[in-house]
Every structure is written in structure tokens, then in C-alpha cells.
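Novice:
Number of protein chains: 2
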Amino acid sequence: MSSNQPFKAISDPTRREILGLLRHGEKTAGDLAEHFDMTKPSMSHHFAVLKEADLITSRREGQQIWYGLNTTVVQDVLAWAMDLIGDGKKRGGSDDSE
Amino acid sequence: MSSNQPFKAISDPTRREILGLLRHGEKTAGDLAEHFDMTKPSMSHHFAVLKEADLITSRREGQQIWYGLNTTVVQDVLAWAMDLIGDGKKRGGSDDSE
DNA sequence: ATAATAATTAGACATCGGCCTAATTAAGCG
DNA sequence: CGCTTAATTAGGCCGATGTCTAATTATTAT
Numbered sequence: 105m106s107s108n109q110p111f112k113a114i115s116d117p118t119r120r121e122i123l124g125l126l127r128h129g130e131k132t133a134g135d136l137a138e139h140f141d142m143t144k145p146s147m148s149h150h151f152a153v154l155k156e157a158d159l160i161t162s163r164r165e166g167q168q169i170w171y172g173l174n175t176t177v178v179q180d181v182l183a184w185a186m187d188l189i190g191d192g193k194k195r196g197g198s199d200d201s202e
Numbered sequence: 105m106s107s108n109q110p111f112k113a114i115s116d117p118t119r120r121e122i123l124g125l126l127r128h129g130e131k132t133a134g135d136l137a138e139h140f141d142m143t144k145p146s147m148s149h150h151f152a153v154l155k156e157a158d159l160i161t162s163r164r165e166g167q168q169i170w171y172g173l174n175t176t177v178v179q180d181v182l183a184w185a186m187d188l189i190g191d192g193k194k195r196g197g198s199d200d201s202e
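Protein chains in written order, with the working numbering: chain A, 105 to 202; chain B, 105 to 202.
1. So the candidates are V178/A, H139/A, Q167/A, D187/A; which of them puts its Cα closest to the Cα of L154/A?
2. May I have the straight-line CA-CA distance separating D100/B from E165/A, to the nearest angstrom?
3. Just mark P117/B as buried or exposed, buried being the case when its beta carbon has 16 or more other beta carbons within 10 Å.
4. When DSSP builds the beta bridges, which residues end up paired with R163/A?
5. For P145/A, is the classification buried or exposed, using 16 other Cβ atoms within 10 angstroms of its Cβ as the cut-off for buried?
6. Can you give the Cα-Cα distance for T175/B and L188/A, rounded to whole angstroms?
7. Would you call R127/A buried or exposed, if buried means 16 or more other Cβ atoms sit within 10 Å of its Cβ?
8. Can you check which of these residues, S106/B, S107/B, A113/B, is closest to I160/B by C-alpha distance?
9. Rounded to a whole number of angstroms, what is the C-alpha to C-alpha distance between E130/A and W170/A?
10. Which runs of the beta strand (DSSP E) at least 3 residues long sit entirely within the region 128–158 of chain B? Give them in chain order.
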């Protein structure tokens with residue numbers, strides 16, 4: 105359960121910010137790159153790490169690549185944290201259907 | 105908001121396991137170290153990282169040092185993940201009293 | 001086919017991180 | 001005090017990680 109990859113992936117601030125930018129929908133690699141003071145290859149590397157951890161999806165559309173948030177793996181992290189706290193806001197468990 | 109330290113801290117499997125062992129109460133450094141195939145100094149290093157991230161508390165009692173889980177920072181991680189998902193199991197916000 | 005644009009892959013470089021052994025601090029006991 | 005036990009600090013080693021420039025792939029348009 106829960107490979108180490110997601111945790112490694114979110115340990116970098118740039119990558120967490122990328123995920124944050126994807127909260128409200130897909131964005132192209134270029135769009136994302138614009139928000140950071142970093143070269144495109146460096147950004148590309150971060151995308152690859154997030155992709156490898158399955159935290160984001162990607163699809164090509166013409167020349168551009170659209171990245172999107174994969175909430176499934178984020179939920180794993182969430183579950184890990186909740187389990188640590190021992191409870192807090194879990195239990196019941198049927199309110200995730202929306 | 106949310107320094108990088110907690111995320112770096114939980115990016116290591118050994119440290120996550122340490123946190124897991126502390127779920128049910130305090131443990132001494134020695135107790136914790138026993139569970140891992142690693143030297144005590146290495147374990148001590150992990151404790152220091154967790155402490156620095158404020159994920160654990162520590163208090164000396166005689167020769168031993170007792171470590172305990174600090175759920176406050178874990179909740180920050182939880183909040184970050186929930187915010188990413190956009191909802192999921194937050195909302196209402198007063199259910200943390202149970 | 002050539003050129004332009006979007007993005008990645010390749011490779012180098014410096015720093016960070018995790019692990020080890022050896023030495024040190026801290027506390028308890030004869 | 002001198003010895004033992006619990007744990008940390010110091011310092012070195014080496015692989016992993018983040019960043020950059022240069023080169024490459026993929027797509028579209030002229």
C-alpha cells in the first residue's frame with residue numbers, strides 16, 4: 105500500500121504548487137511553467153516526477169500537453185494522515201460520493 | 105503556512121513508520137529503534153528530523169527519551185491534501201470535537 | 001522540406017539526504 | 001569516582017535530487 109513515490113513527489117515545494125495550480129482544472133505544460141522562475145526542462149522534470157507518482161494525468165493535444173490532477177493518489181496521502189491522527193474527520197465514510 | 109519541513113520529513117518511509125508506531129502513545133528512542141534494522145545514530149537522526157518538523161514531541165525521563173506524536177502538524181498535511189481534493193471530507197468544520 | 005513552436009530527453013554539476021563508525025553527553029549505580 | 005546504559009553529535013561516504021544548457025522529438029504551418 106502507498107508506495108513511497110507520492111510522498112517523495114510532494115516533498116518538493118514547486119511540485120506542490122503545481123498540484124495546487126491544477127486544482128481547478130487542466131493546464132498545459134507551458135501555462136504551468138510560466139508561473140515559476142525556472143527553465144522549462146526543469147519544469148518538465150517535475151511533471152515527470154508527479155506523473156511517475158501518478159499524482160497527475162497527461163494528454164497531448166496538438167503541440168501542447170495538458171496536465172490534470174489525479175485526486176486518487178492525493179486521497180491515499182489523506183488517508184495516511186487521517187490514520188495517523190486516529191480519527192478526526194473520517195468515520196461514516198459515505199460522504200465522499202459527491 | 106505549512107513550511108516545507110513536514111513534507112520533507114514524511115517523505116522518508118522510516119520516518120513515516122516511526123510516526124505510525126507513535127499513534128498509540130509515546131515510546132522511548134530505544135523502543136522505536138528496536139523496530140528497525142538500522143543503527144541507533146541513524147534512528148537518532150530521523151528523530152531529529154521529525155522533531156525539527158515538529159511532528160513529534162520529546163521529553164527526557166531519566167536516561168530515556170520519550171517521543172510522542174504531535175498531531176497538529178499532521179493536520180496541516182491533512183488540510184493541504186483536502187484543499188487539493190477541493191472538498192471530499194471537509195466542510196461543516198465542527199465535526200472535530202468527536 | 002524548412003521553419004517555428006511546445007515540450008521533452010540527455011548529460012553535467014552541486015547540493016541534499018540517509019547511513020555508517022567513532023566519539024561524546026547524560027543519567028544512574030556500585 | 002569509575003562503569004554501564006541510553007541516546008546524541010561529529011564527520012565521512014555515496015547515492016538521490018534539483019537545476020541548468022544543449023540537443024532532440026513532435027506538431028503545425030508556410
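We put the CB at the ideal spot given by N, CA and C, even for glycine. Here the structure is a predicted model, which means the values were calculated and not measured.
Specialist: In short, the structure shows the following:
1. Translated into the one-based positions of the first sequence, residue 154/A becomes position 50. Closest by alpha carbon: V178/A.
2. Only positions 105 to 202 of chain B appear in this structure, which leaves residue 100/B out of reach.
3. Numbered from 1 along the second sequence, position 13 holds the residue referred to as residue 117/B. By the neighbour-count rule (16 or more Cβ atoms within 10 Å), P117/B is not buried but exposed.
4. Stepping through the first sequence from its first residue, residue 163/A is reached at position 59. In the DSSP output, where bridge partners are listed per residue, R163/A has W170/A.
5. Locating residue 145/A in the first sequence gives position 41, where the first residue counts as 1. Under this definition P145/A is an exposed residue.
6. Within the second sequence, numbered from 1, the residue matching residue 175/B stands at position 71. Within the first sequence, numbered from 1, the residue matching residue 188/A stands at position 84. When rounded, the distance between both Cα atoms is 8 angstroms.
7. Numbered from 1 along the first sequence, position 23 holds the residue referred to as residue 127/A. R127/A should be labelled exposed.
8. Looking up residue 160/B in the second sequence gives position 56. Considering only alpha carbons, the answer is A113/B.
9. Your numbering for residue 130/A matches position 26 in the first sequence. Your numbering for residue 170/A matches position 66 in the first sequence. Taking the straight line from one Cα to the other gives about 6 angstroms.
10. none
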